[in-house]
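K.L.:
Have a look at this one before I ask anything.
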Amino acid sequence: MYIEEITLTHYRNYDQLSVSFDKKINVIIGENAQGKTNLMEAIYVLAFTKSHRTPRDKELIQWDAEYGKIEGRVFKRNQSFPLEVIFSNKGKKAKFNHIEQKRLSEYIGAMNVVMFAPEDLNLVKGSPSERRKFFDMEIGQTQPIYIYHLGQYQRILKERNALLKELQRQPQADPTMLRVYTDQLIDHASIILERRFLFLQKLRNWAQPIHEGISRGYEQLNIDYDASVDVSEDMDSEKIKIVLEEYFNKIESKEIERGTTLVGPHRDDLIFYVNDKNVQTFGSQGQQRTTALSLKLAEIELIYEEVGEYPILLLDDVLSELDDYRQSHLLNTIQGKVQTFVTTTSVDGIAHDTISQAEIFTIHNGYLVEER
Ligand SMILES: Nc1ncnc2c1ncn2[C@@H]1O[C@H](COP(=O)(O)OP(=O)(O)OP(=O)(O)O)[C@@H](O)[C@H]1O
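This is the structure we're talking about:
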């Protein structure tokens, strides 16, 4: 799949931009703060309806403008179709083939995107919520049903936590409603966990050989799911449900005492090991970067496995950060099969081969010029 063209209206520092892209490699060169990340972000937002760097949609609208719009044309499964995301003070709308999609789960997945940016190092060394976000975004873009269960889970979790706070203040109150919420929460949690386990197994299968390749055979990567309850990857949703029911029964009074939900997918984490050592704690910068890169490359293959087409790859300011060996490993992996966007402040750090095959754009203050 590839994105044929994009039009931005009042998006960040772009007043108006219309540009067609190359099917293979697009290199975007510009000084700092000219709009490179904003353009990558716009492609990401077109896929996910939200930004990778801010939860606040309002920031995407150009200052002083009433609305901001991203329109794109994507080629996938032998068809070209339009996508559109509009932000205004009334909220956001996402359209597929000019028709508004009320549910995110019906929109996300129309276009698949993998982004690799400097902040992806946080995937390894950041907080557990960064890793959960990675999981949720990646599973969600190939499995709309996962987005549905996650949305329901989050909604019920919020209500359950509010009720727990209330019960904390009045411990004699009737806990019947709490049990209703608990049952609903377990229904969604068990499916979320089952899907995460299946995804993890596939991710591991792809990421391990990739990591070994990038590290020239010196490093073995392993990934564990660190659950807040005693479940294991071989369990299906029914078995997970039984474990969760037992836990929630046992901890009910403790949860009331604390006024919050103590276990569930929102408390889980992933642990990465390189040669049996926890990379988050013991890994060097280089090992952490290689781990993040292996995960991203694995994701590309995984999406291909699930969707039957390669996703669009956004490399924002990371290519020149990689050493020559990792850079060529990355480029060899994607060569010719993945539409790739590379942003950089200078072409100096990027292998000549890549540049010679690419469509080159320069960017200045929200204006993009096609060089060839
Ligand atoms: N909502 C907005 N409206 C208008 N301009 C904005 C908005 N949000 C950010 N900007 C501007 O966009 C510019 C930043 O662009 P961007 O983050 O794409 O930089 P970049 O080219 O990737 O630079 P770097 O190499 O430093 O990462 C800044 O000048 C910032 O002030």
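The sequence shown: position 73 = 73 (the numbering used here), numbered continuously.
Where a beta carbon is used, it is the ideal one built from N, C-alpha and C, also for glycine.
These figures come from a predicted structure and were not determined experimentally.
Spatial neighbours of Val342 within its chain, please: CB distance less than 6 angstroms, with the 5 preceding and 5 following residues excluded, ordered by chain position.
P.N.:
So the list reads Val27, Leu315 and Leu319, once near-sequence residues are dropped.
K.L.:
CB-CB under 8 angstroms to Arg160, same chain, minus the five flanking residues each way: which ones, in chain order?
P.N.:
So the list reads Leu178, Tyr181, Thr182, Leu185 and Thr261, once near-sequence residues are dropped.
K.L.:
Considering Cα atoms alone, identify which of Glu252, Leu193, Val19 and Val279 is closest to Ile223.
P.N.:
Of the candidates Glu252, Leu193, Val19 and Val279, the one whose C-alpha sits nearest the C-alpha of Ile223 is Val279.
K.L.:
If you measure from the CB of Trp63, is any heavy atom of ligand 1 nearer than 7 angstroms?
P.N.:
Yes, ligand 1 has a heavy atom inside 7 angstroms of this Cβ.
K.L.:
Quick check: the segment 320-329 against the segment 217-231, are at least 3 beta-carbon pairs closer than 8 angstroms?
P.N.:
No, because fewer than three Cβ pairs between the segment 217-231 and the segment 320-329 fall closer than 8 angstroms, the two stretches do not touch.
K.L.:
Could you tell me the alpha carbon to alpha carbon distance between Glu166 and Asp174, rounded to whole angstroms?
P.N.:
Spanning the two alpha carbons is a distance of roughly 11 angstroms.
K.L.:
Please name the residue in Thr49, Gly264, Leu302 and Glu370 whose C-alpha comes closest to that of Gly91.
P.N.:
The candidate whose alpha carbon is nearest that of Gly91 is Thr49.
K.L.:
Tell me the DSSP bridge mates of Asn278?
P.N.:
Answer by DSSP bridge pairing, in chain order: Tyr273.
K.L.:
Could you please give the first and the last residue of the uninterrupted alpha helix (DSSP H) stretch that includes Glu84?
P.N.:
First-last for Glu84: Gln79 to Ser88, but that is the beta strand (DSSP E), not the alpha helix (DSSP H).
K.L.:
Among all the DSSP beta bridges, which residues are the ones paired with Val369?
P.N.:
BP columns for Val369 point to Thr362.
K.L.:
Which residues in the same chain have their Cβ closer than 6 angstroms to the Cβ of Gly264, if we skip the five residues on either side of it in sequence?
P.N.:
Cβ within range, chain order: Ala189.
K.L.:
In this structure, how does DSSP classify Ala94 when only helix, strand and coil are distinguished?
P.N.:
Correct three-state label for Ala94: strand.
K.L.:
Quick one: what's Met115 bridged to in DSSP?
P.N.:
Answer by DSSP bridge pairing, in chain order: Leu314.
K.L.:
Are Asn97 and Phe75 closer than 8 angstroms when you measure CB to CB?
P.N.:
Contact: no.
K.L.:
Can you tell me the Cβ-Cβ gap for Ile86 and Ile43, rounded? I've got them flagged as a contact below 8 angstroms.
P.N.:
Not a contact, Cβ separation roughly 16 angstroms.
K.L.:
In the DSSP output, what is Phe341 paired with across the bridge?
P.N.:
Answer by DSSP bridge pairing, in chain order: Asn26 and Leu314.
K.L.:
Tell whether a beta-carbon distance below 8 angstroms holds between Ile375 and Arg196.
P.N.:
For the chain, the structure presents residues 1 to 372; residue 375 sits outside this window and is missing.
K.L.:
Does DSSP classify Thr390 as helix, strand or coil?
P.N.:
Examination of residue 390 is not possible in this model, given that the chain is present from 1 through 372 alone.
K.L.:
Is any heavy atom in ligand 1 found nearer than 7 angstroms to the beta carbon of Ala33?
P.N.:
True, at least one ligand heavy atom lies under 7 angstroms from that Cβ.
K.L.:
Within 10 angstroms of the Cβ of His364, are there 16 or more other Cβ atoms? Answer buried if so, exposed if not.
P.N.:
Exposed, since its Cβ has fewer than 16 Cβ neighbours within 10 Å.
K.L.:
Going by DSSP in three states, Tyr148 sits in which element: helix, strand or coil?
P.N.:
Of the three classes helix, strand and coil, the one that applies to Tyr148 here is helix, per DSSP.
K.L.:
Does the contact criterion of 3 or more C-beta pairs under 8 angstroms hold for the segment 17-34 versus the segment 53-65?
P.N.:
Not touching, per the Cβ criterion.
K.L.:
What would DSSP say about Asp224, mapped onto helix, strand or coil?
P.N.:
The answer is strand: DSSP assigns Asp224 an E or B state.
K.L.:
Comparing C-alpha positions only, which one of Glu255, Tyr11 and Ile145 sits nearest to Gln169?
P.N.:
Note that residue 169 corresponds to Arg in the displayed sequence, not to Gln. Per the Cα distances, Glu255.
K.L.:
DSSP three-state call for Glu71: helix, strand or coil?
P.N.:
Residue state, collapsed to three classes: strand.
K.L.:
With DSSP collapsed to three states, give me the class of Lys76.
P.N.:
Three-state result, Lys76: strand.
K.L.:
Figure out for me which residue from Thr362, Glu233 and Gly286 has the closest Cα to the Cα of Tyr218.
P.N.:
For the residues Thr362, Glu233 and Gly286, the minimum Cα distance to Tyr218 belongs to Gly286.
K.L.:
At a cut-off of 7 angstroms, would you count Asp317 as near ligand 1, judging by its Cβ distance to the nearest heavy atom?
P.N.:
Because some heavy atom of ligand 1 lies under 7 angstroms away, the Cβ of Asp317 counts as near it: yes.
K.L.:
From Phe116, Asp57 and Gln339, pick the residue whose C-alpha is nearest to that of Arg289; which is it?
P.N.:
The shortest Cα separation from Arg289 among Phe116, Asp57 and Gln339 belongs to Phe116.
K.L.:
Ordered along the chain, which non-local residues of its own chain (more than five positions away) have a Cβ less than 8 angstroms from that of Arg103?
P.N.:
These residues qualify, in order along the chain: Tyr148.
K.L.:
Go ahead and pull the three-state DSSP assignment for Leu262.
P.N.:
Coil, per DSSP.
K.L.:
What do you get for Pro209, buried or exposed, if any count of 16 or more other CB atoms within 10 angstroms of its CB means buried?
P.N.:
The residue in question, Pro209, is exposed, as its Cβ has fewer than 16 Cβ neighbours within 10 Å.
K.L.:
Short of 7 angstroms in beta carbon distance, which residues of its chain neighbour Leu302, apart from the five on each side in sequence? Order them along the chain.
P.N.:
Correct list, in chain order: Lys202, Leu203 and Trp206.
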